[in-house]
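Encoded as structure tokens, the structure appears first; notes follow it.
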Amino acid sequence: MAKKSATRRILTITGIVAIVLVLLGVVGWQAGFFGGGEEGIRVETADAEQRTITQVVTAFGRAQPEVEVTISPDVPGEIIELPIEEGDPVSEGQLLARIKPDAYEAQREQAEANLKQMRASLEQRRADMLQAERTYNRQQKLYEREVTSESGLEDARTQYEVAQANFKAAQYQVENAEARLEEADKQLNKTSIYAPMDGTISKLSVEAGERVVGTSQMQGTEMMRIARLDQMELEVDVNENDVVNVALSDTASIEIDAYPDQSFRGSVTEIANSARVEGQGTQEQVTNFPVKVRVLDAHNLTFRTSERGGGQVAAQQEEVPMPPRDTPVLRPGMSGTVDIFTQTVNNVVAVPIQAVTVRDFNQVRDGSAAAQSDSSAAFGRREDLRKVVFVVAADTARMQEVTTGIADDTHIEVRSGLNGGEQVIIGPYRAVSQTLEPGAKVRIEEPGERDGEALAAAQ
């Protein structure tokens, strides 16, 4: 009895395994994973059609003023006057801050007193020179009359030359004192800081009573920044592989995170020559190039400064066309996305990007699909990689070599290989990229067919 029970158990297990294998074989056959069957590999297709394609480079960055000036003091000291606040409009020549001038006034007074002393000394040296000149002239006349000796004449000449040298030295001392007084005047004038241009105080980093360091000594304290907020730009990082496609004056579409429902027109104004490298020397190294994109649409009209020095005023209707909605305010540091339109081609043959794949023509000529995965067969063989698409001809897949051009988010330009109107295979991805071979049997999958089968299987 025990022997029959064991035999029955073995037969039962064998039967279950056989049923599972049969079911897997049926599913694999229908899905086209092997064998192909009469129905062939189920594929998705799309038409090669005439389209207009615009190549887009997408980058991320932050808004900043096109012109922003950092204000630092030339002289150190304590801030005793700060008549402005962050966000205030200023005009060129307006007082921004005043540094305590006591020490610099004392230095100027000292330099002025020293100059007066040097001028007095100069007059004394002038008198000494004139006296020595008269003595020398008198000794020369006496020597001509043979009244005095030659040594007396030489002594008078020497004293005259010494007096001349002292006079010149006194002149140089006066010039030096005048330069010191001029420098003291400049230092005193630098205690008052004025706006170098019209704009807005975009950043204020100090308060009245603080001590600041002057740029004459070291880097200096950054007191504030003045920016022209009526003309903003975005500085974005463009990858090294994309920056070669970007050119000056390329148009762009800008989306600011703070205004998700609004798009701004832009234009490329500057492309950096030097890269900005992050994670240098690591596997995460990224090389980007800063690109500046000017915002062309109306913005920040409340920050526009009057040409007559009237400070912050709203722009007139005839100066900037007012949009039907409220004009946005772009502030420095706001993040955004920029789509740069680098190139456009009109009425060209295009296919979905996923239709284009790469095949090794050496392996294709061998006629062996297994050669693609057989490392021993591929070892030492030179690859002949070419771009191809698979075109549906009746119920078979025909491989067609193509030459491609630019691409947008969904389609890629086909410059040669297709005439338009062909039905190309776009999926499944594994079939297009690996398993499809020239002449393979295919069956076009109707829209929603796979979803319907998945739903039926789930029920």
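Count along the sequence shown from 1, then add 1006; that gives the number in our numbering. Backbone N, C-alpha and C define an ideal beta-carbon position, used for all residues, glycine too.
Distance CB(residue i)-CB(residue j) smaller than 8 Å
i	j	result
F1173	R1131	yes
V1299	T1333	no
E1055	A1413	no
V1301	T1293	no
T1141	Q1165	yes
T1051	V1430	yes
I1207	D1094	yes
V1049	I1346	no
G1445	T1402	yes
R1392	R1365	yes
A1117	A1176	no
L1254	L1187	no
E1261	S1269	yes
Cβ separation of residue i and residue j, assumed to be a contact under 8 Å, to the nearest whole Å
i	j	result
I1085	V1219	That pair is no contact at about 12 Å.
T1476	V1063	Only positions 1007 to 1465 of the chain appear in this structure, which leaves residue 1476 out of reach.
I1432	Q1369	The Cβ separation is near 23 Å, so there is no contact.
K1209	E1092	7 Å
V996	T1197	Nothing about residue 996 can be reported from this structure: the residues present for the chain run from 1007 to 1465 only.
CA-to-CA distance, residue j to residue i, given in whole angstroms
i	j	result
L1159	Q1113	47 Å
T1020	V1362	46 Å
Q1137	E1115	33 Å
R1163	E1189	39 Å
V1319	A1233	At V1319 the pLDDT is 40, less than 50, meaning the model places this residue with poor confidence; the figure from the coordinates comes in the next sentence. C-alpha separation (whole angstroms): 15 Å.
E1216	A1171	50 Å
V1297	R1271	16 Å
V1344	A1069	11 Å
L1128	Q1146	27 Å
A1065	A1278	14 Å
M1238	A1201	20 Å
P1338	L1307	15 Å
P1071	L1235	6 Å
M1328	A1304	In this prediction, M1328 scores a pLDDT of 45, lower than 50, which makes its location untrustworthy; no coordinate-derived value is stated.
G1046	P1358	23 Å
A1133	G1205	58 Å
Q1100	V1351	52 Å
D1243	S1341	12 Å
V1354	G1426	9 Å
K1493	Q1440	Here the chain comprises residues numbered 1007 to 1465, so residue 1493 is not present and cannot be evaluated.
A1395	Q1406	In the sequence as presented, Ala is not what sits at residue 1395; that position holds Val. In a straight line, the C-alpha of V1395 is about 5 Å away from that of Q1406.
I1022	L1030	12 Å
D1457	G1285	Caution applies to D1457, whose pLDDT of 49 falls short of 50 and renders its modelled position unreliable; the value that the coordinates give is listed next. Going from the Cα of D1457 to the Cα of G1285 covers about 44 Å.
R1404	P1266	45 Å
M1203	S1078	15 Å
K1192	V1073	27 Å
G1225	G1083	Residue 1225 is actually Gln in this sequence, not Gly. Approximately 15 Å, taken between the alpha carbons.
E1246	A1281	8 Å
Residue-level contact to chain C via CB, residue i, 8 Å cutoff
i	result
N1143	The chain inventory of the structure shown lacks chain C, comprising one protein chain alone.
In DSSP terms, what residue i is bridged to
i	result
T1060	T1350
D1366	L1391
H1417	P1358
N1294	N1245, R1282
A1069	L1240
Q1406	V1395
F1270	I1260
K1447	T1402
E1428	Answer by DSSP bridge pairing: none, since E1428 is not bridged.
V1438	In DSSP, V1438 forms no bridge with anything.
I1277	V1297
I1047	V1448
Residue i Cβ short of 7 Å to the ligand ZN heavy atom set
i	result
F1066	Summarising the ligand content, the structure contains no ligands, and the ligand ZN is consequently not present.
| said: List, from N- to C-terminal side, the beta strand (DSSP E) runs of 3 residues or more that fit wholly inside the region 1182 to 1262. | reply: 1198 to 1200, 1205 to 1210, 1230 to 1233, 1238 to 1245, 1257 to 1262
| field | Ranges of the beta strand (DSSP E) found wholly within the region 1077 to 1114, counting only runs of at least 3 | value | 1083 to 1087, 1101 to 1105
| Whole alpha helix (DSSP H) runs in the region 1117 to 1182 with 4 or more residues, listed along the chain? | none
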